[in-house]
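Residue numbers (the UniProt record's numbering): 1 to 500.
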């Protein structure tokens with residue numbers, strides 16, 4: 001009898017909650033019917049960005065869904081994204097409370113996943129100052145060139161072979177980032193390097209697939225292999241970050257800033273001397289998280305290590321599939337740079353076609369198809385609809401980057417769309433926002449763009465990439481493993497030919 005009473009009571013509570021949510025939906029953007037408890041959970045699997053485009057045809061470019069019992073509003077147009085993140089930026093600048101990000105950020109102590117607050121704004125300011133200070137000097141270029149020269153030597157030995165470059169691209173980018181972050185370059189058999197590479201790959205899949213406890217918070221108290229693995233990865237990463245932070249503190253010289261970690265330590269010391277408000281809230285945990293952001297923030301927010309790796313992998317694939325476009329890049333490199341040196345940042349303005357390649361790769365591949373969700377910080381409105389505080393806001397960047405009304409032929413790889421009839425760059429279309437927009441725009445954008453320009457330019461300058469003979473055309477759609485959160489190319493091989 002008591003079991004039946006409990007069951008009836010639970011069912012009644014669930015129905016009351018469902019009815020309350022259903023009534024609230026009348027004041028929110030329209031959306032499909034949702035079930036009690038599970039909501040529209042089935043719509044978030046697979047390539048959800050395509051599902052959202054289909055739903056927008058019925059419900060409009062702004063619509064509501066239920067992720068379990070959580071309210072979600074999806075933005076499918078440039079106008080909607082600008083209204084939310086630019087015009088009402090502070091209202092939409094929060095982050096959802098998710099177990100996945102809570103673990104990786106050690107309780108919201110980074111800038112990618114922590115909520116919008118005065119402390120967050122201070123941390124972001126210091127991070128941006130450190131990145132800007134490092135990227136403006138010659139250190140960045142020299143460190144990229146050192147790693148690039150090693151990779152060119154390795155690639156030359158594989159000339160004529162069909163090779164999957166994934167692990168080599170990982171090593172190249174990780175050496176650039178590690179050298180930038182704390183002055184170290186790795187060999188393929190280095191223990192720290194293999195740990196970092198495994199963490200990146202595993203974390204990419206973990207974030208792509210998500211955790212059920214993100215949707216149903218009570219599940220965090222139950223044993224879970226995914227949660228355990230996430231905690232282990234975070235511990236391993238932060239152990240490496242902490243070790244380098246301590247080594248840098250011991251050898252810090254304000255007159256010789258070697259890398260980004262030195263710039264962060266200096267930014268912290270400068271803020272302390274200026275008596276900056278909330279500076280005492282910046283602990284070593286925050287600093288190591290800020291350094292960790294350089295490595296893993298791009299998994300969900302389009303800049304840094306993973307984003308640069310994916311951009312290079314997609315770019316090489318597109319260029320191999322489109323040899324006529326690849327030869328135009330090579331010709332521009334020959335004209336501007338020549339063969340006696342590697343590309344430099346000072347060459348960038350004189351290479352509009354290469355710059356257009358980056359824009360088109362980021363548009364076509366959309367490394368962040370559905371960007372890391374924001375959360376509303378207050379009760380607010382959007383398009384005249386009420387949006388309660390704490391609602392998850394998901395910008396569908398794939399929809400913006402593949403909108404026929406904006407791009408005309410969005411499924412065609414055509415870098416010329418970013419150039420005028422004279423081959424000069426046109427203003428970047430507002431609909432292209434691979435690094436986000438508003439208060440949550442990625443602060444590492446300049447660093448990611450610089451790295452990508454130098455790396456891809458150096459590779460195309462030295463090698464011609466082609467699809468192996470006898471292999472059919474590769475699949476240019478994102479791999480399902482990304483689960484709609486990350487755009488990962490399917491595994492592919494290329495043949496490299498040295499440019500004489």
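Think of the CB as a built atom: it goes at the ideal place given N, C-alpha and C, for glycine as much as any other residue. Keep in mind the model is a prediction, meaning the values are calculated, not measured.
Residues near residue 254 by beta carbon distance below 8 Å, same chain, minus five either side: Here residue 254 refers to the residue found at position 254 when the chain shown is read from its first residue. Only 266, 269 meet the Cβ criterion.
Let's see if you can read the secondary structure: which residues bound the beta strand (DSSP E) around residue 392? Position 392 of the chain shown holds residue 392. Residues 392-395.
Any idea if residue 303 is buried or exposed, counting beta-carbon neighbours within 10 angstroms, 16 or more meaning buried? For this step, residue 303 is matched to residue 303 along the chain shown. Model confidence at residue 303 stands at a pLDDT of 46, short of 50, so the residue's coordinates are unreliable; what they give is reported in the following sentence. Buried, because 16 or more other Cβ atoms sit within 10 Å of the Cβ of residue 303.
Any idea what DSSP makes of residue 478, helix, strand or coil? Taking the chain shown and counting its residues from 1, one reaches residue 478 at position 478. Strand at residue 478.
Per the DSSP calculation, residue 496 is bridged to which residue(s)? Within the chain shown, residue 496 is the residue found at index 496, counting from 1. Paired residues: 465.
Cutting at 8 Å between CB atoms, please list the residues of its own chain near residue 501, excluding the five before and the five after it. Only positions 1 to 500 of the chain appear in the structure, and residue 501 is not among them; the question remains open.
Alpha-carbon spacing of residue 140 relative to residue 381, whole angstroms: Position 140 of the chain shown holds residue 140. Position 381 of the chain shown holds residue 381. Between residue 140 and residue 381, the C-alpha separation is close to 43 Å.
Going by the DSSP bridge assignment, what does residue 374 pair with across the sheet? Here residue 374 is taken as the residue at index 374 of the chain shown, counted from 1. BP columns for residue 374 point to 393.
Can you list, in chain order, the residues of its chain whose CB lies under 6 Å from that of residue 110, leaving out five sequence neighbours each side? Here residue 110 is taken as the residue at index 110 of the chain shown, counted from 1. Only 289, 293 meet the Cβ criterion.
Under the DSSP definition of a beta bridge, which residues are partnered with residue 35? Indexing the chain shown from 1 puts residue 35 at position 35. The partner list for residue 35 (beta bridge, DSSP) reads 39.
Are the CB atoms of residue 463 and residue 155 within a distance shorter than 8 Å? What you label residue 155 is simply residue 155 of the chain shown in a count that begins at 1. What you label residue 463 is simply residue 463 of the chain shown in a count that begins at 1. Contact: yes.
Figure out for me which residue from 438, 497, 454, 475 has the closest Cα to the Cα of residue 82. Translated into positions along the chain shown, residue 82 becomes position 82. Of 438, 497, 454, 475, the residue nearest in Cα terms is 438.
Helix, strand or coil at residue 287 according to DSSP, with G and I counted as helix: As a position in the chain shown, residue 287 is number 287, starting the count at 1. Helix, per DSSP.
Where residue 214 sits in the DSSP three-state scheme: Translated into the one-based positions of the chain shown, residue 214 becomes position 214. The answer is helix: DSSP assigns residue 214 an H, G or I state.
Straight-line gap, residue 41 to residue 202 (C-alpha atoms, nearest Å): For the purposes of this step, residue 41 is taken as residue 41 along the chain shown, with counting starting at 1. For the purposes of this step, residue 202 is taken as residue 202 along the chain shown, with counting starting at 1. Going from the Cα of residue 41 to the Cα of residue 202 covers about 23 Å.
Let me make sure I understand the geometry here. Which of 91, 171, 89, 102 has the alpha-carbon closest to that of residue 455? Within the chain shown, the letter at position 455 stands for residue 455. Cα-wise, what sits closest to residue 455 is 171.
I need the straight-line Cα distance from residue 215 to residue 421, nearest angstrom please. Numbered from 1 along the chain shown, position 215 holds the residue referred to as residue 215. Numbered from 1 along the chain shown, position 421 holds the residue referred to as residue 421. Approximately 50 Å, taken between the alpha carbons.
Pull up the distance between the alpha-carbon of residue 219 and that of residue 226, whole angstroms please. Residue mapping note: residue 219 aligns to position 219 of the chain shown, counting from 1. Residue mapping note: residue 226 aligns to position 226 of the chain shown, counting from 1. Taking the straight line from one Cα to the other gives about 12 Å.
What are the start and end residues of the beta strand (DSSP E) that includes residue 504? Examination of residue 504 is not possible in this model, given that the chain is present from 1 through 500 alone.
Run through the region 223-279 for me and flag every whole alpha helix (DSSP H) of 4 or more residues, listed as ranges in chain order. 225-251, 260-273
Helix or strand or just coil, what does DSSP make of residue 163? Residue numbering aside, residue 163 sits at position 163 when the chain shown is read from its first letter. Looking at residue 163 - three-state DSSP - the assignment turns out to be strand.
By how many angstroms is the C-alpha of residue 75 removed from the C-alpha of residue 196? The residue given as residue 196 occupies position 196 in the chain shown. The residue given as residue 75 occupies position 75 in the chain shown. Near 34 Å, if we compare the C-alpha coordinates of residue 75 and residue 196.
To which residues of the same chain is residue 116 closer than 6 Å at the C-beta, ignoring the five residues directly before and after it? In the chain shown, counting from the first residue as 1, residue 116 sits at position 116. Same-chain partners within the cutoff: 93, 94, 377.
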